[in-house]
Amino acid sequence: MNTIGRYQLVEKLGQGGMGVVYRAFDPLLQRVVAVKLIGAIDADAQVRERFFREARAAGQLSHKNIITIYDLGEHEGQPFLAMELLEGQDLQQRVAGHTAMSLARKLELAIEICEGIEYAHVHGVIHRDIKPANVFITTSGTAKILDFGLARLITSELTNSNMMMGTLNYMAPEQVRGERADHRSDIFSTGVVLYEVFGGRKAFEGDSFGATLYKILQDVPEPLRNLDANLPSELESVVEHALEKSREARYQHMSDMLADLTAYRQQLLLSNSPAFGRPAAEGGRVASDPPRPSAIGAAPGAMPGFGSHASRIAHDAPTIASVPATPLPLLRSPSGTAQASDPTDPRVALPPRTRRPAVLAAVAAILVLVGALVTWVIRRDVAPVPPAAQTRADESALATQQAIATGLEQASRALQAGDEAAAQQHADAVLAMSPGHPEARRLRERAQQAAETVTRSLTSARELFASGRFDEASRAAGEVLAVAPGNADARRLMEES
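Quick note, the sequence shown lines up with residues 2 to 498 if you use our numbering.
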């Protein structure tokens, strides 16, 4: 086989339970892509239609933390996806290789994973199979969520024990019981992934299939701080909340979980925590992180999750335990840098050994006088800041920091409550105090996206309801409620549909 659709196959990158992935070339757009030929799809027409519907929905997602789907088609009766080609390694390989990561790096990965999933939820797409093998870390350090739209196929492949066991460890209790999964199931699975990232081992792992099922349904994982005493209790609490057995007791929206993670990151930044003391390297890495594996030959780590190429990824460090990070000063004073002595400087020039002691004494006296004069000139020209003025400046800076933190919290809460307008106002207030503030900009963008989604989905729900397509109207109203839980119009349409 040399082609799939219009794509010219270059090499096979890997094979797993869901199909085969190839590096391919798109002659139309003149670019290299990844082509995934789906092999695990049911012949049932309804299942195939469901797959294509969800794959098309996934193809509409455009977010930096979600892999981009370029094309969808069929080849000799088998569906295929053409996607962006990624280089790096998946999170499963990173954890299994015990790659050391700083707390800051783990937190950034957690936030990126949640941002990608939250974006999908806002657009009405549920993943249903969040696991480390479906999170790819590119060579630039960006987390990308894979396989949106494919997880539905797993339900028809439960007899494949290898596939099931690879997924089972990360399933929510309701999925294990055979109940319908919703966005809160993704939240549970994300919590399991983050438990593994922060703790270095799986949250639920038994000696057998049945033992693992029992642990998911009944057991509470060992506290994360027992596995890593340096882990902040705030992060342990976030993961524990996501892992509640009852979906009603967990975070109700991924935006809630994301808000807690970003609030904690902001708290660390404002407190100048050592965890964020090292400046980020290129690609978002923290300086204490190990180097990422580079591509060997033709992108050895492209498209993760397949055992046939896992050995081609180099693993860096011996442990995934948190690496203590020592803060580096952001600014260095001139005295903090060693400088070579200037032989022409009269303060350090030594008289020849042949001079008489009297001459030496005279030179020493001159040096003392010169030193005193220089000190007097410096002190005269550089007037010290009055203590009162310094205190006022410190108080003003502290007040600004507190106002920024409060504004971010208010924007986040408004967004969680579905009040996009208020969220934008609070974010704008922060940007007025700190132009370009990344967290405020992110919150404002999320509020704008949410407002657009609410308007679009609510309009669609009304039109569908008016035409008698009540099931579709209910789904569209559900998209609105996923973003704005308090939207009365959407709730009414949901109840009447």
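All C-beta atoms in this analysis are idealised placements derived from N, C-alpha and C, irrespective of residue type, glycine included.
Residue i and residue j closer than 8 Å at C-beta
| i | j | result |
| --- | --- | --- |
| A428 | A412 | yes |
| D196 | V240 | This sequence places Tyr at residue 196; Asp is not what is there. Going by C-beta atoms, Y196 is nearer than 8 Å to V240. |
| V484 | L459 | no |
| L465 | V431 | no |
| T139 | N66 | no |
| L244 | A204 | yes |
| T191 | I131 | yes |
| A182 | R129 | yes |
| A17 | H76 | Residue identity differs from the one stated: residue 17 is Gly in this sequence, not Ala. No, the Cβ-Cβ distance between G17 and H76 is not below 8 Å. |
| G78 | I70 | no |
| R445 | Q425 | yes |
Exposed unless 16 or more other CB atoms sit within 10 angstroms - verdict on residue i
| i | result |
| --- | --- |
| A478 | buried |
| S186 | buried |
| L218 | exposed |
| M434 | exposed |
| L29 | exposed |
| A467 | exposed |
| V360 | Reliability fails at V360, whose pLDDT of 46 lies under 50, so the model's placement of it is uncertain and the value that follows must be treated cautiously. Under this definition V360 is an exposed residue. |
| E50 | exposed |
| L147 | buried |
| N3 | exposed |
| P439 | exposed |
| D208 | exposed |
| N227 | exposed |
| L47 | Checking the sequence, you will find Gln at residue 47 rather than Leu. The residue in question, Q47, is exposed, as its Cβ has fewer than 16 Cβ neighbours within 10 Å. |
| G487 | exposed |
| E235 | exposed |
Assumed close pair residue i, residue j - CB separation to whole angstroms, cut-off 8 Å
| i | j | result |
| --- | --- | --- |
| D220 | F199 | About 18 Å; that fails the 8 Å criterion. |
| L38 | V11 | L38 to V11, Cβ: 14 Å. No contact. |
| L262 | A406 | 15 Å between Cβ atoms; not a contact. |
| V126 | A58 | 5 Å |
| S461 | S475 | The Cβ separation is near 12 Å, so there is no contact. |
| S237 | P224 | Here residue 237 is Glu; the residue named in the question, Ser, does not match the sequence. The pair is a contact, with the Cβ atoms about 7 Å apart (cut-off 8 Å). |
| Q449 | H254 | Contact flag wrong, Cβ pair sits at about 18 Å. |
| L87 | F149 | Incorrect: roughly 14 Å between the Cβ atoms, too far for contact. |
| L62 | A134 | That belief does not hold up - the Cβ atoms of L62 and A134 are roughly 19 Å apart, past 8 Å. |
| A35 | E85 | 7 Å |
Beta-ladder partner(s) of residue i, from DSSP
| i | result |
| --- | --- |
| Q426 | Its beta-bridge partners do not exist; DSSP assigns none. |
| P80 | E75 |
| A25 | L10, V34 |
| G17 | G20 |
| Q90 | I138 |
| T213 | DSSP, once it has assigned bridges, lists no residue as partnering T213. |
| I5 | Y8 |
| I67 | I146 |
First through last residue of the beta strand (DSSP E) which encompasses residue i
| i | result |
| --- | --- |
| P233 | From DSSP, P233 is part of no beta strand (DSSP E); its letter is neither H nor E. |
| K145 | 144–146 |
| I138 | 136–139 |
Residue interval of the alpha helix (DSSP H) (run including residue i)
| i | result |
| --- | --- |
| Q268 | 255–271 |
| R476 | 471–484 |
| V455 | 439–467 |
| V198 | 184–200 |
| G60 | 46–60 |
| L494 | 489–497 |
Any non-hydrogen atom of the ligand MG within 7 Å of residue i CB
| i | result |
| --- | --- |
| V96 | As for the ligand MG, it is missing from this structure, which has no ligand bound. |
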